[in-house]
Amino acid sequence: MRNLKKLPEESFLRLLFAFFSLSFLVGSLFMSDLSTIFSGWWKILTSTCKVTTNYWALGGYAATFLNMGVVGLIALGLFCLPGAKPNNVSTLAFLLTMGFCTWGINALNILPSILGVFAYTLVKREKPGAHANAMLFSTGIAPLISDILFRYPHAEMVGFRWEGLLLSLIVGFIIGFFLTAGLGHSPIVHKGYVLYSAALPIGMIAFFMKAVLYKVPGVSMPDAPSAEGLAVVSASTVNVFCIVVFGLCILGALAMGCRPRDYWELLHDCGHSVNFSKRYGTPAMLMNLGVYGLFILAYYNLTGAPLNGVTFGLIFCMVACCNSGSHPGNVWPIMVGYVLASYLFQYLSGFVGGNFAFPIHSQAIAIGLCYASGLSPVSGKYGWPFGVAAGALHYMMVTSVPDTHGGFCLYNGGFTGALLCILLVPQLEHFFRTKEERKANALQRK
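Here the sequence shown is numbered in my numbering, starting from 3 and rising by one per residue.
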């Protein structure tokens, strides 16, 4: 195992991606509905998946794990293309895509946008592997592709049609082709304070496509999936699988020689514009992946969030930032902000006679918190009180943002974080000092 420590970052990450892909495939073999694995997967592939669709209810447990494993292998293949050099952003792209394979992404609806990015590389005469991250980030619009393929312009499912196939290919192609430029510009807008940086261009594209396909031509928006599907839960599946996988990550990190002080140093990193595997080594990053994953699992168990397919995927969406800046030390203030805001607005709702619908254990808030964690550089850079405030502000906004993109953007919470930073970061830079600036100022006074 210590030989793994000597591997270059890109080689280690490919092995890590293979580990997760195989874990999902092996996990599918242990599901109680294994006999329906292929019929369930076909249903996942050929159904619409507007936010929030629980694949455990749609296709079953085994089929969902199969979907995660197959998409994982596809993603791994992209990182083996000429020019591919997996890094911390690749870790985010891979695990984020895996998380969405339980409620919005499948092996079919990711293809059109990936082809669009491929076309971009041909036009620019660049190696396709150099844009593997963009290919995966483009799948954040996957629910729209499925909707066009099987439903548009009708309100109900009409099934496979050549018109739908052609239009979905055109839309996905255009999205993938023009996304790359947006991905490069996004960090300039939020200055690196949102780790889910791809959410901004994806969210804006979804907003634009909703206007072009639905609002302007007067096509009625399809209804959101029935909430009944979210009632299909399995606490044992979520807990057992996550404990085993994240536990293996911790054991692997220890076997690779990760020392407590190595991880302690990582836990004190502010998380702003950082590559953990480069700065602290792959063993410490792997330790963070395992510890952070169990930390998230504990939070969802303690708050009583429904452990369905969506929540299961959210754990991987949230842990996706383990190599780009997030760790328990800078995420806990975001969580506290969410909890405090929930109780505050529950009180205010009762005071004004409102109909409060977003307690801390509700599905919408569980989803919102996942992407609010992408604001961890705020708490890391400015201090935990600012992280609490950022979490509370994200709580207030996240349930309203889906109206802008019609529920077709999987990166809704990250998009919310980006919009929040457009408002918040100028105020922080204008009125407050970072922790480093406060420390330097204190030393000057002595």
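Cβ atoms here follow ideal geometry from the backbone N, Cα and C, with glycine treated the same way. Here the structure is a predicted model, which is why all the values come from computation and not from measurement.
Quiz item: In terms of alpha-carbon separation, which member of Gly-106, Val-390, Ala-86, Cys-411 lies closest to Ser-344?
Solution: Val-390
Quiz item: Just to confirm, are Leu-47 and Ala-109 a CB contact at a threshold of 9 Å?
Solution: Against a cut-off of 9 Å, the Cβ pair of Ala-109 and Leu-47 comes out as a contact.
Quiz item: Distance, Cα to Cα, Gly-382 vs Leu-268?
Solution: 12 Å
Quiz prompt | Local Cβ density within 10 Å of Lys-8, reported as buried at 16 or more and exposed below that | solution = Of the residues assessed, Lys-8 falls on the exposed side of the cut-off, its CB having fewer than 16 other CB atoms within 10 angstroms.
Exercise. With DSSP as the reference, label Asn-135 as helix, strand or coil.
Key: Three-state DSSP puts Asn-135 in a helix.
Quiz prompt | Selected residue, minimal CA-CA separation from Leu-371, among Met-337, Gln-348, Pro-227 | solution = Restricting attention to Met-337, Gln-348, Pro-227, the CA atom closest to the CA of Leu-371 is found in Met-337.
Quiz item: Of all the beta strand (DSSP E) runs that stay within the bounds of the region 79 to 164, which reach a length of 3 or more residues?
Solution: Taking only runs of at least 3 residues, no beta strand (DSSP E) segment lies wholly in the region 79 to 164.
Quiz item: In this structure, does DSSP put Val-235 in helix, strand or coil?
Solution: strand
Quiz item: DSSP state of Asn-310, grouped into three classes?
Solution: strand
Exercise. Assign Val-160 to buried or exposed, taking buried as 16 or more other Cβ atoms, counted over all protein chains shown, within 10 Å of its Cβ.
Key: Exposed, since its Cβ has fewer than 16 Cβ neighbours within 10 Å.
Exercise. Would you check if the distance between the CB atom of Pro-361 and the CB atom of Ile-367 is smaller than 9 Å?
Key: Taking the C-beta atoms as reference points, Ile-367 is found nearer than 9 Å to Pro-361.
Exercise. Could you check which residue in Gln-365, Leu-83, Ser-92, Val-380 has the C-alpha nearest to that of Asn-332?
Key: Val-380
Self-check item: Pair within 9 Å by beta-carbon distance, Gly-408 and Ala-200
Solution: no
Quiz item: If we count Cβ pairs, one from each stretch, closer than 8 Å, do we get three or more for the region 189 to 209 versus the region 125 to 133?
Solution: no
Quiz prompt | Proximity winner among Ser-30, Gly-273, Lys-217, relative to Asp-405 (alpha-carbon distances) | solution = Checked all of Ser-30, Gly-273, Lys-217; the closest Cα to Asp-405 is Lys-217.
Self-check item: Distance between beta carbons of Ala-392 and Gly-339, contact taken as under 8 Å
Solution: 6 Å
Quiz item: Taking Leu-60 as the reference, which of Ala-233, Ala-237, His-133, Pro-387 has the closest Cα?
Solution: Ala-233
Quiz item: Between Leu-80 and Ala-20, is the Cβ-Cβ spacing less than 9 Å?
Solution: It is not a contact, given that the beta carbons lie outside the stated cut-off.
Exercise. Please report the Cβ distance between Leu-342 and Ala-394, rounded to the nearest whole angstrom; I am assuming they are in contact, meaning their Cβ atoms lie under 8 Å.
Key: 6 Å
Practice problem: Confirm the yes/no value for this check: CB of Ala-444, any heavy atom of the ligand MG, distance under 8 Å. | Solution: By its list of ligands, the structure shown contains no ligand whatsoever, and the ligand MG lies outside what it can speak to.
Quiz item: Does the beta-carbon of Cys-186 have 16 or more other beta-carbons within 10 angstroms, so that it is buried, or is it exposed?
Solution: A small fix is needed here, since residue 186 is Gly in this sequence, not Cys. The residue in question, Gly-186, is exposed, as its Cβ has fewer than 16 Cβ neighbours within 10 Å.
Quiz prompt | Bounding residues of the alpha helix (DSSP H) (the contiguous stretch that carries Ile-204) | solution = First-last of the alpha helix (DSSP H) with Ile-204: 201 to 212.
Exercise. Pick out whichever of Thr-313, Leu-94, Leu-377, Thr-239 has its Cα sitting closest to the Cα of Ser-34.
Key: Taking the Cα of Ser-34 as reference, the smallest distance to any Cα among Thr-313, Leu-94, Leu-377, Thr-239 is reached at Thr-239.
Practice problem: Reducing DSSP to helix, strand and coil, say where Cys-411 ends up. | Solution: coil
Practice problem: Can you grab the Cα-Cα spacing for the pair Leu-304 / His-156, in whole Å? | Solution: A straight line joining the alpha-carbon of Leu-304 with that of His-156 spans about 42 Å.
Quiz item: Just reading off the alpha helix (DSSP H) that Pro-330 is part of, what are its end residues?
Solution: 330 to 354 is the span of the alpha helix (DSSP H), which, as asked, contains Pro-330.
Practice problem: May I have a chain-ordered list of the alpha helix (DSSP H) segments no shorter than 4 residues that lie completely inside the region 385 to 446? | Solution: 386 to 400, 404 to 407, 414 to 433
Practice problem: Under 8 Å by Cβ, that's how I've got Asp-264 and Gly-283 pegged, so tell me the actual separation to the nearest angstrom. | Solution: 7 Å
Quiz prompt | Burial state of Pro-10, where buried means 16 or more other Cβ atoms lie within 10 Å | solution = exposed
Practice problem: Let me know the secondary structure DSSP gives Val-218 once reduced to three states. | Solution: coil
Exercise. In the DSSP assignment, find the alpha helix (DSSP H) that holds Phe-21 and state where it starts and stops.
Key: Where Phe-21 is concerned, the enclosing alpha helix (DSSP H) stretches over 11 to 30.
Quiz item: Three-state secondary structure (DSSP) at Gly-259?
Solution: coil
Exercise. Verify whether the separation of the beta carbon atoms of Gly-311 and Thr-38 is less than 9 Å.
Key: no
Quiz prompt | Segment limits, alpha helix (DSSP H) that includes Ala-59 | solution = 57 to 60
Exercise. Note the first and the last residue of the continuous alpha helix (DSSP H) segment covering Pro-285.
Key: 284 to 305
Quiz item: Contact check, Arg-16 vs Pro-88 under 8 Å by CB: the rounded distance?
Solution: 6 Å
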